[in-house]
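J.: Shown below is the structure under consideration.
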Amino acid sequence: MAALKVTPLHPALGAEIAGVDLGKPVDASTRQALSQALAEHLALVFRDQSLTAPQYLAAAAAFGPPMEQHYGQHNMPDFPLIGLIWHRNGQQPAERWHTDHTNRERPPAATILYGVEIPSAGGGTSVASMRAAYTALPADERRRLDGLTTFNSLDSGRTDTRPEDEDKYGKPIQHPMVRTHPVHGSRAVYFHITKATHIDGMTPDASRAYMSDLLDRMIRPEITYHHVWRKGDVLVIDNRATMHRAHGDYDRSESRVLWRIIVEGDRPRL
Ligand SMILES: [Fe+2]
């Protein structure tokens, strides 16, 4: 087993992992250690990686089988399991807090980002612990959330969704608003404000207002790790117990290219 060194980056979440070259095969015991580290720290940073697309896919598989991403127009032509996050591809930075792909019955356990081209300033990624957010809520609100579910679909208001993606990924999927982490055993708040059409039993407007209010109250610096990108970074985000957002505060004449892989997860359960 590689000598894995785990250094926390923030009191609530995030850790830098040293001693692993993701360009080489990851053995079973290192996989196990990484899975535990992700469950505990929720965001893992590997620095100074140099990966081809096949090497990146092989490394990502240490966290689970890579799964297809919707909005397939942004996928890498020869490697469709890698999504290109690149504004010159017509994408807007995802600046609202969210967890990925909640419109799947089994949403991704993790989202993995590889920094290929990084602007000279700005363009970071923030990750907030929804485990810490849940713990910080008043007990009566935790109880209320424990009983709520959302219905999820593709984002409303997008005009560039391909019909084949709409057919495959646009069907309503119900998820609990609080989920138990399958590895860690703790609970976390779980929803995607623009993929949730509504909370069961509430109108779409009331649902959106409640989720927006929750985000305002939950997301605080104490539970947020802000990642400042360096070329060669790999950031692994645990989608089961965090939300994340991009920062669009960079010069658009510069390039920002991240390669994204999502890996299979469990069906969320309370
Ligand atoms: Fe995302």
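Residue numbers (the working numbering): 8 to 277. Even glycine gets a Cβ: it sits at the ideal position worked out from N, Cα and C. If you're wondering where the values come from, they're calculated on a predicted model, not measured in any experiment.
#1: Sort Leu41, Ile230, Trp104, Asp245 by Cα distance to Phe198 and report the nearest one.
#2: Quick check: the Cα distance between Leu161 and Ala101, rounded to an integer number of angstroms?
#3: Start and end of the alpha helix (DSSP H) containing Met137?
#4: Tell me the DSSP secondary structure of Leu221 in three-state form.
#5: Whose CB is closer than 7 Å to a heavy atom of ligand 1? List the residues in chain order.
#6: Any idea what DSSP makes of Leu5, helix, strand or coil?
#7: With a CB to CB cut of under 6 Å and the five nearest residues on each side skipped, what residues in its chain are close to Leu242?
#8: Let's see if you can read the secondary structure: which residues bound the beta strand (DSSP E) around Lys12?
#9: Quick one: any contact between the region 220-229 and the region 166-176, if contact means 3 or more CB pairs under 8 Å?
#10: Within the same chain, show all residues whose beta-carbon is closer than 8 Å to that of Ile226, passing over the 5 residues directly before and after it, in chain order.
#11: Should Gly138 and Ala67 be called a contact, given that it needs their Cβ atoms to be closer than 8 Å?
#12: Contact defined as beta carbons within less than 8 Å: I believe His91 pairs with Val264. What is the distance between those atoms, to the nearest angstrom?
#13: Using 8 Å as the threshold, is the region 73-86 in touch with the region 147-154, meaning 3 or more CB pairs across them?
#14: For Ser127, count neighbouring C-beta atoms within 10 Å of its own C-beta (all shown protein chains included) and say buried if the count is 16 or more, exposed if not.
#15: Compare the C-alpha of Gly164 against each of Gly177, Arg38, Met184 and name the closest.
#16: Please say whether Tyr257 and Gly130 have beta carbons closer to each other than 8 Å?
#17: Buried or exposed: where does Arg267 fall if 16 or more other Cβ atoms within 10 Å of its Cβ makes it buried?
#18: Identify whether Ala50 lies in helix, strand or coil by the three-state DSSP scheme.
#19: Please classify Ala146 as buried or exposed, where buried requires at least 16 neighbouring CB atoms within 10 angstroms.
#20: What do you reckon, are the CB atoms on Leu277 and Arg186 nearer than 8 Å?
#21: Which one of Leu41, Pro15, Ala116 has the shortest CA to CA distance from Pro275?
#22: In its own chain, which residues sit with a C-beta less than 8 Å from the C-beta of Arg95, not counting the 5 before and 5 after it?
#23: Within the continuous alpha helix (DSSP H) that includes Arg150, where are the two ends?
#24: Cβ atoms of Leu11 and Gly30: under 8 Å apart, would you say?
#25: Please state the DSSP three-state secondary structure of Phe86.
#26: Tell me whether Ile206 sits in a helix, a strand or coil according to DSSP, three-state version.
#27: Taking the alpha-carbon positions, what's the Thr118 to Gln76 distance?
#28: So the candidates are Ala35, Ser42, Pro15; which of them puts its Cα closest to the Cα of Pro189?
T.: Per the coordinate set shown:
#1: Cα-wise, what sits closest to Phe198 is Trp104.
#2: 14 Å
#3: 137-143
#4: helix
#5: Those residues are Ala101, His105, Asp107, Thr118, His251, given in chain order.
#6: What is shown of the chain runs 8 to 277, which leaves residue 5 out entirely.
#7: Excluding positions up to five away in sequence, the list reads Val52, Leu120, His234.
#8: From DSSP, the beta strand (DSSP E) with Lys12 extends over 12-15.
#9: no
#10: For Ile226, where only same-chain residues beyond five positions count, the Cβ hits under 8 Å are Trp104, Ala135, Ala140, Met250.
#11: Here residue 138 turns out to be Arg, not Gly, going by the sequence shown. Their beta carbons are not under 8 Å apart, which means Arg138 does not touch Ala67 by this criterion.
#12: Looking at the sequence itself, residue 91 is Leu, so the reference to His does not match. About 7 Å; that satisfies the 8 Å criterion.
#13: no
#14: exposed
#15: Gly177
#16: yes
#17: Classification of Arg267: buried, given that the 10 Å Cβ count is 16 or more.
#18: strand
#19: exposed
#20: Yes, the pair counts as a contact, with Cβ atoms nearer than the cut-off.
#21: Comparing Cα positions, the closest option is Ala116.
#22: Ser262
#23: 146-153
#24: no
#25: If DSSP states are grouped into helix, strand and coil, Phe86 belongs with the strands.
#26: strand
#27: 11 Å
#28: Ser42
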